[in-house]
Amino acid sequence: MTVIDDSGHISKGLVNALLLDGKGGAKKIDQNEVVNLNTQQDKLWLHFDYEEPAVQQWLEQCSGLNTVAIESLISDETRPHVLSRGDNLLIVLRGVNQNPGAQPEDMVSLRIWTDGKRLISTRKRSLISTETLLSSLSESSGAEDIAALLIEWVDRIVASISDVVDDLEEELLDMEEQLFSAEPRELRSELLHMRKKAILIRRYLAPQREALNQLIAAPLTWLNDFHRVRLRSIADRQIRHIEDIDTVKERASMAQEELANRVSEQLNSRSYVLTVVAAVFLPLGFFTGLMGINVGGMPGVESEQGFWLVSAICMGLTVLLMGLFYWRKWL
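And the structure:
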């Protein structure tokens, strides 16, 4: 079954090969043992990196899967969905990217095929939820069979989304507290990025909710009532995550509107001040301009008190205008 390169060695396309021991643990199959391994035996989990060309070759020649399943396992772009036929199940999920330096909204695709006896999965990038699943098996506290392994994996993927949603809500709360103190331009950019992040995450969570519902309803004999009850609980949590993300989007939108109103009020206030100043100085400008025309007969031209008289008239006119503005409640 193995994925072998041209030199005859096991390819790095095989990430993990495990045999569940039925007691919560698993035996990690050595790469040298993989060559002679019977891929049809029960409780076998094979995990691949689908970017390796040899993986596609093995899937086509040795896996026994049909074309639809193989294409889903190696396709670059896939949305969460479920396909079932008989006891065969194909499920594609998305998990948040919690790798160091990665953005959570850059969600990682996980493709799983299983018939309840063996499980074949592929990925491009690693998932923290996969690592914790492997850790539980190494500590003999994991799944006892393939059905439990699948459900545990789905549970961990959905649980990781909860952490991201909590982080989004805390980040948005900080932004809301800064709404009346932070620089509007910087805060507006942060709110826009927040909404974009929430939209990108929700883009895959909505179809993933439908995929989980389809999994619950799938007529698979190896899923018992307990499995379906647990899947229903996981699906309910997924729905709550979607509702929380919708709430984050709405709160971010309301914060953007409030920020826009704040900026608009500031502009209106400044415009109003300029309007008042213009209203005060317009008649003063007219009066001083009239007094400055160079024609004969201007009063006070020969008087030593002319300048002070004009200044007093301007001051009186200013006080009169300001009083009028206060009386009309324009100030």
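Okay, so the sequence shown: first residue is 38 according to the working numbering, each after it adds one.
The beta-carbon is built from N, C-alpha and C at its ideal position, and this holds for glycine as well.
Owing to the predicted nature of the structure, the values given are computational and were not obtained by experimental measurement.
{"Item": "DSSP three-state assignment for residue 39, whether helix, strand or coil", "Value": "The predicted model places residue 39 with a pLDDT of 46, which falls under 50 and marks its position as unreliable, so this point remains unresolved."}
{"Item": "Contacts around residue 50, its chain only, beta-carbon distance under 6 Å, and the 5 residues preceding and following it disregarded", "Value": "40, 85, 86, 89, 91 and 92"}
{"Item": "Pick from 318, 362, 329 and 340 that is closest to residue 351, judged by C-alpha positions", "Value": "318"}
{"Item": "Three-way DSSP call (helix, strand, coil) for residue 198 in this model", "Value": "helix"}
{"Item": "Stretch pair the segment 206-213 + the segment 182-190: three plus CB contacts closer than 8 Å", "Value": "no"}
{"Item": "Under the three-state DSSP convention, the category residue 79 falls into", "Value": "coil"}
{"Item": "Sequence-distant residues of its chain with Cβ nearer than 6 Å to residue 160 (five each side left out)", "Value": "147"}
{"Item": "Proximity of residue 374 and residue 198 at Cβ, strictly below 9 Å", "Value": "What the structure shows of the chain is the stretch from 38 to 368, and residue 374 is not part of that stretch, so it cannot be assessed."}
{"Item": "Status (buried if at least 16 other CB within 10 Å, exposed otherwise) for residue 134", "Value": "buried"}
{"Item": "Residue 117 burial status per 10 Å Cβ neighbour count (16 or more: buried)", "Value": "buried"}
{"Item": "4-residue-minimum alpha helix (DSSP H) runs that sit fully inside the segment 143-218, ordered along the chain", "Value": "165-175 and 183-214"}
{"Item": "Residues that residue 86 bridges to, as DSSP identifies them", "Value": "160"}
{"Item": "Residues that residue 134 bridges to, as DSSP identifies them", "Value": "Residue 134 is not bridged to any residue."}
{"Item": "Buried versus exposed call for residue 177 [16 or more other C-beta atoms within 10 Å across all chains shown]", "Value": "exposed"}
{"Item": "Minimum length 3: unbroken beta strand (DSSP E) runs contained in the segment 287-311", "Value": "none"}
{"Item": "CA-to-CA distance, residue 320 to residue 309, given in whole angstroms", "Value": "18 Å"}
{"Item": "Collapsed DSSP secondary structure at residue 47 in the structure displayed", "Value": "For residue 47, the predicted structure reports a pLDDT of 45, less than 50, and the residue's modelled location is therefore unreliable. A value from the coordinates is still provided. Residue state, collapsed to three classes: strand."}
{"Item": "C-alpha distance - residue 285 paired with residue 191, whole-angstrom precision", "Value": "24 Å"}
{"Item": "Stretch pair the segment 214-230 + the segment 266-280: three plus CB contacts closer than 8 Å", "Value": "no"}
{"Item": "Bounding residues of the beta strand (DSSP E) (the contiguous stretch that carries residue 109)", "Value": "Residue 109 -> not in any beta strand (DSSP E); alpha helix (DSSP H) instead, spanning 104-111."}
{"Item": "Residue from 101, 56 and 137 with nearest C-alpha to residue 79", "Value": "56"}
{"Item": "Length of the line joining the Cα atoms of residue 108 and residue 127", "Value": "11 Å"}
{"Item": "Close Cβ partners of residue 275 (< 8 Å) along its chain, the five nearest in sequence each way excluded", "Value": "195, 198, 242, 245, 246 and 249"}
{"Item": "Simplified DSSP state of residue 64, which is helix, strand or coil", "Value": "strand"}
{"Item": "Beta-carbon proximity of residue 228 to residue 292, cut-off 9 Å", "Value": "yes"}
{"Item": "Rounded Cβ spacing between residue 174 and residue 62 (contact assumed at less than 8 Å)", "Value": "6 Å"}
{"Item": "Run of the alpha helix (DSSP H) containing residue 240, from where it starts to where it stops", "Value": "221-254"}
{"Item": "Rounded separation between residue 151 and residue 96 - CA only", "Value": "13 Å"}
{"Item": "Residue 205 vs residue 233 beta-carbon contact at 9 Å", "Value": "no"}
{"Item": "Close beta carbons around residue 106, own chain, < 7 Å, minus the five adjacent residues each side", "Value": "127 and 150"}
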